[in-house]
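One line per chain: the protein sequences are A and B, in this order.
Positions 1 to 116 (the UniProt record's numbering) are the ones given, in order, by the first sequence.
Positions 1 to 554 (the UniProt record's numbering) are the ones given, in order, by the second sequence.
The beta carbon of each residue, even a glycine, is placed where N, CA and C say it ideally should be.
Predicted, not measured: the structure shown is a model, and the values here were computed from it.
I have placed the structure first, in the form of structure tokens, so that the comments after it can refer back to it.
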Amino acid sequence: MTPPPSSFTFTVEVSRSTAHLHLAGDLDYDTGDTLVQEADRCLTDHPHLRELRLDCAHLCFCDSVGISSLLTIHRRTTARTVRLRLENSPPFLQRLLDVTGIQQLFAQPQTSQQAE
Amino acid sequence: MASTKSTSPAQSRLWDLAPYPVILADEAGTVAELNDAAGHLLKGAAPGANLLDVAPAWLAQAHQEAILRTRLAAQGTRKPPVLASVSGRIAAYSFEAHPTVTQDGSVVWWLIDDTDRRLAEEALATERERTTFLAEASNVLLASLNTDRCMATTAQLAAEYLADVAIVITPVSNGKLPVARAVAGQEADRALVVADPSDLPGLGEALQGFPPVPSRWIDPAALPAWVIPQGFGSTIGSVVVTPLPGHGVPAGALILLRGTERAQFNENEEVFARLFAARAGAALSAARLYSEQSAITQTLMRDLLPPSLQRVEGVEIAGGYRPAGEAERVGGDFYDVHPGSSGQDPSLVILGDVCGKGLEAAVLTGKIRNTLQALLPMADDHQRMLRLLNGALLTSHHTRFATLVLASVRRSENEVRLRLTSAGHPYPLVVRRDGSVEEVHTHGSLIGVLPAIEAHSAETVLRPGDTCLLYTDGFTEARGGPLGDELFGEERLRQALSGCADMPAGAVVDRIQMLASQWLRDGPHDDMALLAISAPHTNHLSAVDGTTRGRYTA
Numbered sequence: 001m002t003p004p005p006s007s008f009t010f011t012v013e014v015s016r017s018t019a020h021l022h023l024a025g026d027l028d029y030d031t032g033d034t035l036v037q038e039a040d041r042c043l044t045d046h047p048h049l050r051e052l053r054l055d056c057a058h059l060c061f062c063d064s065v066g067i068s069s070l071l072t073i074h075r076r077t078t079a080r081t082v083r084l085r086l087e088n089s090p091p092f093l094q095r096l097l098d099v100t101g102i103q104q105l106f107a108q109p110q111t112s113q114q115a116e
Numbered sequence: 001m002a003s004t005k006s007t008s009p010a011q012s013r014l015w016d017l018a019p020y021p022v023i024l025a026d027e028a029g030t031v032a033e034l035n036d037a038a039g040h041l042l043k044g045a046a047p048g049a050n051l052l053d054v055a056p057a058w059l060a061q062a063h064q065e066a067i068l069r070t071r072l073a074a075q076g077t078r079k080p081p082v083l084a085s086v087s088g089r090i091a092a093y094s095f096e097a098h099p100t101v102t103q104d105g106s107v108v109w110w111l112i113d114d115t116d117r118r119l120a121e122e123a124l125a126t127e128r129e130r131t132t133f134l135a136e137a138s139n140v141l142l143a144s145l146n147t148d149r150c151m152a153t154t155a156q157l158a159a160e161y162l163a164d165v166a167i168v169i170t171p172v173s174n175g176k177l178p179v180a181r182a183v184a185g186q187e188a189d190r191a192l193v194v195a196d197p198s199d200l201p202g203l204g205e206a207l208q209g210f211p212p213v214p215s216r217w218i219d220p221a222a223l224p225a226w227v228i229p230q231g232f233g234s235t236i237g238s239v240v241v242t243p244l245p246g247h248g249v250p251a252g253a254l255i256l257l258r259g260t261e262r263a264q265f266n267e268n269e270e271v272f273a274r275l276f277a278a279r280a281g282a283a284l285s286a287a288r289l290y291s292e293q294s295a296i297t298q299t300l301m302r303d304l305l306p307p308s309l310q311r312v313e314g315v316e317i318a319g320g321y322r323p324a325g326e327a328e329r330v331g332g333d334f335y336d337v338h339p340g341s342s343g344q345d346p347s348l349v350i351l352g353d354v355c356g357k358g359l360e361a362a363v364l365t366g367k368i369r370n371t372l373q374a375l376l377p378m379a380d381d382h383q384r385m386l387r388l389l390n391g392a393l394l395t396s397h398h399t400r401f402a403t404l405v406l407a408s409v410r411r412s413e414n415e416v417r418l419r420l421t422s423a424g425h426p427y428p429l430v431v432r433r434d435g436s437v438e439e440v441h442t443h444g445s446l447i448g449v450l451p452a453i454e455a456h457s458a459e460t461v462l463r464p465g466d467t468c469l470l471y472t473d474g475f476t477e478a479r480g481g482p483l484g485d486e487l488f489g490e491e492r493l494r495q496a497l498s499g500c501a502d503m504p505a506g507a508v509v510d511r512i513q514m515l516a517s518q519w520l521r522d523g524p525h526d527d528m529a530l531l532a533i534s535a536p537h538t539n540h541l542s543a544v545d546g547t548t549r550g551r552y553t554a
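Quick look at the structure:
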């Protein structure tokens, strides 16, 4: 799956207690809200959810509004004691999380460390 | 029949049946025959009368020319010429006259009434002219969002095309009536008039948006003096007052004046004036909305715009800011420089970026700048400042955050000592005099979202020719390049900075901004702010010790 260069799409997979959101494209000023809404829907539709995973393998770009939407989702998941994880973060996203000092909020699961 | 000199009675009876006036006149211009229709049309016309006396001048002259051409053709034994038809007015009607030459050299004139066609053609031409005018007027009026210019343009256009004098009046502001007056062919003048709109019948109503009063109800003699511009000499013969309808509220009124020497405004013209007024009103209303908004923005901006910088306590500091939209002159990026309270105290330099853009971001920016200013007494303790700022910004409503860099800047001899603390902000860069570029590894969390934050400071020393650059991600995230979709990126920024070795701070800012603009071309971008801190070249020490001159300039 090759994401279009300057748009944002995602697919959702829900299995028992885990929801997977596969993100692709640019997470920015124009698309941040869309992701927050989708994450909200996952949380309300599946009250038994224990973990929300955001697969960022196909994410091309993330700006400060994108970071803000990730922080919003983190707040919502924390409030419901759902664990939030970022998977397969591309190097640019890792650097962004590192610079902004919020990496520890989105604990990286084993899989992405193996991938490195 | 061709051989007879005069026409036969049968022929003359046939002419009588013709639906058009027909006249036969000989070489001398004497009328030989005419039918009843021609007799009715031309008063006094009868056989024996001269065309010069009974026909209009244009027809008499055309007859003489026709005779002349026929004679010349006969001398040259050429075929009789084909004579051109002529046209002109007879009384209130318009006629086309078609000549035919008889064999004895007389000319028969067949007159065809084309008054209706002429009228239709004229009406069509007028209508086309008006449509063109209205379209052009809309273009011209909408080209300017400046209320004053829009009023002046409306007055000028109306004076030129609709009247001799036009006056645009907008609703009372501060007890005065703003007016723009124009005389056809002259520049409009603007004035604020202290006057009661009800001085002129229909004006008060028009300013409230009521339908216009018919022109014939307004007595030109009742016009108050302030209405008539100074450049207009003649007496006013007729007046039209029409509202300029705006978006919901009336945008003003338009007064049209004509001198006594011109025809009064007819009903058709009044309707047309209203069509024009509708367009002018829309343009004026848009201009006013815009100027109100821009006044609000300017009021906000006065406090939000970054300060202009210069040398602070012997350190060169230069800043540059380019907001995301040209229309939004304020945004989410900011910088401030607070000189130390005494010459020994370091100055505090702040550059930051609030997530988002536009007015919302600008408001948060203002809050951060004010809070930091209040925290200046503890400017030495960056961590404490950031913790307190974070606490002040925390809210459950949103996760709008800020990233920033604090820099304590102190001049020491000819060097500048920097202590830098980043709160989730991109690393500051330092370009050395030899062109090498270093990151300053200060590290911390962003501000305004997390209940607890951490921040680690780093120190560096700038020697003459070195520059420290603080920038916002608007630069690294600027999309452009050959294909228009590539990010400017950190690597390109480092390269650009490497080319700025040994430049004064102002030149570094200009150069980086220029390179980023070239990269962007006209593409959209986020707010972009940057700040350069340099240790200036100085011969300060050479004044103390003459032998060391050249040590810093070589």
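#1: The ligand ZN and residue 527 (chain B): does any heavy atom of the ligand fall closer than 8 Å to the residue's C-beta?
#2: In the DSSP assignment, the beta strand (DSSP E) including residue 334 (chain B) goes from what residue to what residue?
#3: Are residue 163 (chain B) and residue 179 (chain B) touching if we call contact CB-CB under 9 Å?
#4: Please compile the residues from chain A whose C-beta is within a distance smaller than 9 Å of the C-beta of residue 356 (chain B).
#5: Considering only residues of the same chain and omitting the five flanking positions on each side of residue 86 (chain A), which have a CB-CB separation below 6 Å?
#6: Under three-state DSSP, which class holds residue 218 (chain B)?
#7: Take residue 52 (chain B) and list the residues in its own chain whose beta-carbon comes closer than 8 Å to its own, dropping the five residues that flank it on each side.
#8: Tell me, to the nearest whole angstrom, how far the beta carbon of residue 83 (chain A) is from that of residue 41 (chain A); I am working on the premise that it is less than 8 Å.
#9: If you compare alpha carbons, which of B:502, B:42, B:124 and B:245 is closest to residue 20 (chain B)?
#10: Throw me the rounded Cβ distance for the residue 346 (chain B) and residue 410 (chain B) pair, which I believe falls under 8 Å.
#11: Compute the distance between the beta-carbons of residue 349 (chain B) and residue 336 (chain B), then report whether it is under 9 Å.
#12: Which same chain residues, not among the five before or five after residue 2 (chain A), have their C-beta less than 6 Å away from its C-beta?
#13: Would you verify that the beta carbon of residue 424 (chain B) is, or is not, closer than 9 Å to some beta carbon of chain A?
#14: Please name the residue in A:36, A:100 and A:7 whose C-alpha comes closest to that of residue 398 (chain B).
#15: At a Cβ threshold of 9 Å, is residue 493 (chain B) touching chain A?
#16: Consider the Cβ of residue 453 (chain B): report whether some Cβ of chain A lies at a distance smaller than 9 Å.
#17: Tell me the rounded alpha-carbon separation between residue 114 (chain B) and residue 95 (chain B).
#18: Which of helix, strand or coil does DSSP assign to residue 536 (chain B)?
#19: Based on the DSSP secondary-structure assignment, which residues constitute the bridge partners of residue 416 (chain B)?
#20: Whose C-beta lies closer than 6 Å to the C-beta of residue 11 (chain A) among residues of the same chain, with five residues either side of it excluded?
#21: Grab the span of the beta strand (DSSP E) containing residue 468 (chain B) for me, first residue to last.
#22: Roughly how many angstroms lie between the CA atoms of residue 184 (chain B) and residue 269 (chain B), to the nearest whole one?
#23: Given this structure, state the Cα-to-Cα distance separating residue 455 (chain B) from residue 144 (chain B), to the nearest angstrom.
#24: What's the gap between the Cα of residue 380 (chain B) and the Cα of residue 387 (chain B)?
#25: In the region 126-207 of chain B, which residue ranges form an unbroken alpha helix (DSSP H) of at least 4 residues, counting only runs that do not cross its ends?
#26: Using a Cβ-Cβ cut-off of 6 Å (strictly less than) and excluding sequence neighbours within five positions of residue 500 (chain B), which residues of its own chain qualify?
#27: Smallest Cα separation from residue 75 (chain A): which of B:130, B:400 and B:482?
#28: Which residues, in chain order, does the region 393-407 of chain B contribute to contact with chain A at a C-beta distance below 7 Å?
#29: Using three-state DSSP, classify residue 354 (chain B) as helix, strand or coil.
#30: For residue 435 (chain B), which of B:420, B:488 and B:503 has the nearest alpha-carbon?
#31: Would residue 25 (chain A) count as contacting chain B if we go by Cβ distances under 9 Å?
#32: Can you tell me which of the three DSSP states residue 510 (chain B) falls into?
#33: How would you label residue 81 (chain A), buried or exposed, when you count the other beta carbons within 10 angstroms and need 16 or more for buried?
#34: Going by the CB atoms, is the gap between residue 249 (chain B) and residue 202 (chain B) shorter than 9 Å?
#35: Does the distance from the CB of residue 531 (chain B) to the CB of residue 317 (chain B) come in under 9 Å?
#36: Take residue 88 (chain B) and list the residues in its own chain whose beta-carbon comes closer than 7 Å to its own, dropping the five residues that flank it on each side.
Working from what's here:
#1: In the structure on display, the ligand ZN does not appear, and there are no ligands present to speak of.
#2: For the purposes of this step, residue 334 (chain B) is identified with residue 334 of the second sequence, where counting begins at 1. Secondary structure note for residue 334 (chain B): its beta strand (DSSP E) is the uninterrupted segment 333-338.
#3: By one-based count along the second sequence, residue 163 (chain B) stands at place 163. By one-based count along the second sequence, residue 179 (chain B) stands at place 179. Cβ atoms of residue 163 (chain B) and residue 179 (chain B): not closer than 9 Å.
#4: Start at 1 with the first residue of the second sequence, and residue 356 (chain B) comes out as number 356. What residue 356 (chain B) touches in chain A: 29, 64, 65 and 68.
#5: Taking the first sequence and counting its residues from 1, the one referred to as residue 86 (chain A) is at position 86. Setting aside the 5 residues that flank it on each side, residue 86 (chain A) is surrounded in the same chain by 54, 56 and 106, each with a C-beta closer than 6 Å to its C-beta; the list follows chain order.
#6: Reading the second sequence from its first residue, position 218 is the one you call residue 218 (chain B). In the structure shown, residue 218 (chain B) sits in coil (DSSP, three-state: anything other than H, G, I, E or B).
#7: Taking the second sequence and counting its residues from 1, one reaches residue 52 (chain B) at position 52. For residue 52 (chain B), where only same-chain residues beyond five positions count, the Cβ hits under 8 Å are 29 and 60.
#8: Position 83 of the first sequence, counted from the start, is the residue given in the question as residue 83 (chain A). Position 41 of the first sequence, counted from the start, is the residue given in the question as residue 41 (chain A). A Cβ-Cβ distance of about 18 Å is found for the pair residue 83 (chain A) and residue 41 (chain A), leaving them out of contact under the 8 Å criterion.
#9: For the purposes of this step, residue 20 (chain B) is taken as residue 20 along the second sequence, with counting starting at 1. Taking only the C-alpha atoms, the option nearest residue 20 (chain B) is B:42.
#10: Position 346 of the second sequence, counted from the first residue, corresponds to residue 346 (chain B). Position 410 of the second sequence, counted from the first residue, corresponds to residue 410 (chain B). Yes, residue 346 (chain B) and residue 410 (chain B) are in contact; Cβ-Cβ is about 4 Å, under 8 Å.
#11: To locate residue 349 (chain B), count along the second sequence from 1; it is residue 349. To locate residue 336 (chain B), count along the second sequence from 1; it is residue 336. Yes.
#12: Indexing the first sequence from 1 puts residue 2 (chain A) at position 2. With a pLDDT of 41 at residue 2 (chain A), under the threshold of 50, the modelled position of that residue is not reliable, and no figure is offered here.
#13: As a working note, residue 424 (chain B) is residue 424 in the second sequence. At least one CB of chain A lies nearer than 9 Å to the CB of residue 424 (chain B).
#14: Position 398 of the second sequence holds residue 398 (chain B). With respect to the C-alpha of residue 398 (chain B), the residue from A:36, A:100 and A:7 having the closest C-alpha is A:36.
#15: As a first step, residue 493 (chain B) is located in the second sequence; it is residue number 493 there, counting from the start. Proximity of residue 493 (chain B) to chain A, defined by a Cβ-Cβ separation below 9 Å, is not satisfied.
#16: As a working mapping, residue 453 (chain B) is identified with position 453 in the second sequence. Contact with chain A is found for residue 453 (chain B), since one of that chain's Cβ atoms lies less than 9 Å from the residue's Cβ.
#17: Against the second sequence, residue 114 (chain B) aligns to sequence position 114. Against the second sequence, residue 95 (chain B) aligns to sequence position 95. Cα to Cα, the separation comes out at about 5 Å.
#18: Counting from one through the second sequence, the residue named residue 536 (chain B) turns up at place 536. In this structure, residue 536 (chain B) counts as coil in the three-state DSSP scheme.
#19: Numbered from its first residue, the second sequence carries residue 416 (chain B) at position 416. According to DSSP, which records beta bridges pairwise, residue 416 (chain B) is partnered with B:411 and B:462.
#20: In the first sequence, residue 11 (chain A) corresponds to position 11, counting from 1. Same-chain partners within the cutoff: 22.
#21: Sequence index remark: in the second sequence, residue 468 (chain B) carries index 468 (1-based). 467-471 is the extent of the beta strand (DSSP E) around residue 468 (chain B).
#22: The count along the second sequence starts at 1 and reaches residue 184 (chain B) at position 184. The count along the second sequence starts at 1 and reaches residue 269 (chain B) at position 269. In a straight line, the C-alpha of residue 184 (chain B) is about 17 Å away from that of residue 269 (chain B).
#23: For the purposes of this step, residue 455 (chain B) is taken as the residue at position 455 of the second sequence. For the purposes of this step, residue 144 (chain B) is taken as the residue at position 144 of the second sequence. The straight-line gap separating the alpha-carbon atoms of residue 455 (chain B) and residue 144 (chain B) is approximately 50 Å.
#24: Start at 1 with the first residue of the second sequence, and residue 380 (chain B) comes out as number 380. Start at 1 with the first residue of the second sequence, and residue 387 (chain B) comes out as number 387. Looking at the two C-alpha atoms, the distance is approximately 13 Å.
#25: Fully enclosed alpha helix (DSSP H) runs of no fewer than 4 residues occupy 147-161 and 203-207 of the region 126-207 of chain B, in order along the chain.
#26: Here residue 500 (chain B) corresponds to residue number 500 of the second sequence, with the count starting at 1. Excluding residues within five positions, the ones whose Cβ falls inside 6 Å are 431, 508 and 511.
#27: One-based indexing of the first sequence puts residue 75 (chain A) at position 75. Residue 75 (chain A) has its Cα closest to that of B:400, out of B:130, B:400 and B:482.
#28: So the close ones are 399, 400, 401 and 403.
#29: On the second sequence, position 354 is the one that residue 354 (chain B) refers to. Looking at residue 354 (chain B) - three-state DSSP - the assignment turns out to be strand.
#30: Taking the second sequence and counting its residues from 1, one reaches residue 435 (chain B) at position 435. For residue 435 (chain B), the closest alpha carbon among the candidates B:420, B:488 and B:503 is that of B:503.
#31: Here residue 25 (chain A) refers to the residue found at position 25 when the first sequence is read from its first residue. No, its Cβ sits nowhere closer than 9 Å to a Cβ of chain B.
#32: Against the second sequence, residue 510 (chain B) aligns to sequence position 510. If DSSP states are grouped into helix, strand and coil, residue 510 (chain B) belongs with the helices.
#33: As a first step, residue 81 (chain A) must be located in the first sequence, where it is residue number 81. Classification of residue 81 (chain A): exposed, given that the 10 Å Cβ count is below 16.
#34: Numbered from its first residue, the second sequence carries residue 202 (chain B) at position 202. Numbered from its first residue, the second sequence carries residue 249 (chain B) at position 249. Contact: no.
#35: As a working note, residue 531 (chain B) is residue 531 in the second sequence. As a working note, residue 317 (chain B) is residue 317 in the second sequence. The Cβ atoms of residue 531 (chain B) and residue 317 (chain B) sit closer than 9 Å to each other.
#36: Working through the second sequence from its first residue, we reach residue 88 (chain B) at position 88. Same-chain partners within the cutoff: 56, 58, 59 and 95.
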